[in-house]
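Undergrad: All residue numbers for the sequence shown refer to the numbering used here, where the first residue is 2 and numbers rise by one.
The beta-carbon is built from N, C-alpha and C at its ideal position, and this holds for glycine as well.
Predicted model, so just to flag it, every value in this text is computed and none were measured.
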Amino acid sequence: MGAKSLTIKVSLTNEGEDVETPWAQDLGPVAGRKGARKVRLVNVPFLHAKPTWGDVIIVEHVDDDCLLTWDRGGLPWSKIGTRIHEDGGRWAMIVDYEPHPGDDTGATAFRALSKACTELEIICEGCIGPRNGKPGRAYLAVPRELTDPQVMTKLRGKSLPCELIQIHPAPPKRKPMRRAKTKRAETRTAAKKLSKPRRRGA
Numbered sequence: 002m003g004a005k006s007l008t009i010k011v012s013l014t015n016e017g018e019d020v021e022t023p024w025a026q027d028l029g030p031v032a033g034r035k036g037a038r039k040v041r042l043v044n045v046p047f048l049h050a051k052p053t054w055g056d057v058i059i060v061e062h063v064d065d066d067c068l069l070t071w072d073r074g075g076l077p078w079s080k081i082g083t084r085i086h087e088d089g090g091r092w093a094m095i096v097d098y099e100p101h102p103g104d105d106t107g108a109t110a111f112r113a114l115s116k117a118c119t120e121l122e123i124i125c126e127g128c129i130g131p132r133n134g135k136p137g138r139a140y141l142a143v144p145r146e147l148t149d150p151q152v153m154t155k156l157r158g159k160s161l162p163c164e165l166i167q168i169h170p171a172p173p174k175r176k177p178m179r180r181a182k183t184k185r186a187e188t189r190t191a192a193k194k195l196s197k198p199r200r201r202g203a
């Protein structure tokens, strides 16, 4: 039997900004790069849409006392794939959930949402629970084959004990309903007089 893989904390950053520390599976050293290691993320990051759960990235120490780090390096989104060693085939989505009355902590709603996501092979992680009248928030790692409208349709079809609100990507704006055109009644300056019936001769 092979050795059990180690799960470690790594750091994600973008030139020192948006720092977060998800868990990752250690896949071993990178040939030719001293101290660098390949890891597979096992969390859904909150501050980075990519990398996300299942992606393999290369991390390394940027100084002596920090976590192994992945740095986006200011790359535009169109080139983010060049910083992913192996794409896990998922993309990040954010949804808010408003529990139905009686579920004050939102625990029941989140369990139901998480279960529904698992059935759809979507990874679901809670960010914050509902409080002070505000909804809870969950981050999803969605299989590439699903679009965001499909995700919302499938989840809402599960009759969850909460209302779902799509946050990211932003849902398309609804087109304003056009009012039905009403035909204006034609105004006539003078009413036509009815012609009197002619009398027949005797």
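In this structure, does DSSP put T190 in helix, strand or coil?
TA: The pLDDT assigned to T190 is 48, lower than 50, so where the model puts this residue is not dependable, and the model offers no usable value.
Undergrad: For D105 and T154, what's the separation of their Cα atoms in angstroms?
TA: Each residue's Cα considered, the two are about 25 angstroms apart.
Undergrad: Whole angstroms are fine: how far does the CA of P100 sit from the CA of H62?
TA: Each residue's alpha carbon lies about 42 angstroms from the other.
Undergrad: Relative to the C-alpha of C67, which candidate in P52, T14, N44 and L156 has its C-alpha closest?
TA: When each option's Cα is compared against that of C67, the closest is T14.
Undergrad: Suppose the cutoff is 8 angstroms on Cβ atoms and the five residues either side in sequence are ignored; what does the same chain contact list for I129 look like?
TA: The residues are G137 and R138.
Undergrad: Tell me the DSSP bridge mates of V25?
TA: Rather than Val, the amino acid found at residue 25 in this sequence is Ala. Note: A25 sits in a beta bridge opposite I9 and L42.
Undergrad: Measuring CA to CA, which of P173, D56, W71 and A32 is closest to T22?
TA: The residue with the shortest Cα to Cα distance from T22 is W71.
Undergrad: When you compare only the Cα positions, how much space is there between W54 and S160?
TA: So the two alpha carbons sit approximately 26 angstroms from each other.
Undergrad: Tell me the start and end of each unbroken alpha helix (DSSP H) in the stretch 52–85 that is at least 4 residues and wholly inside, in chain order.
TA: Here no run is fully enclosed.
Undergrad: Please check the pair L69 and R38, which I expect to be a contact at CB under 8 angstroms, by giving their CB distance rounded to whole angstroms.
TA: L69 to R38, Cβ: 6 angstroms. Contact.
Undergrad: Which class does K35 belong to by DSSP, given the choice of helix, strand or coil?
TA: Correct three-state label for K35: coil.
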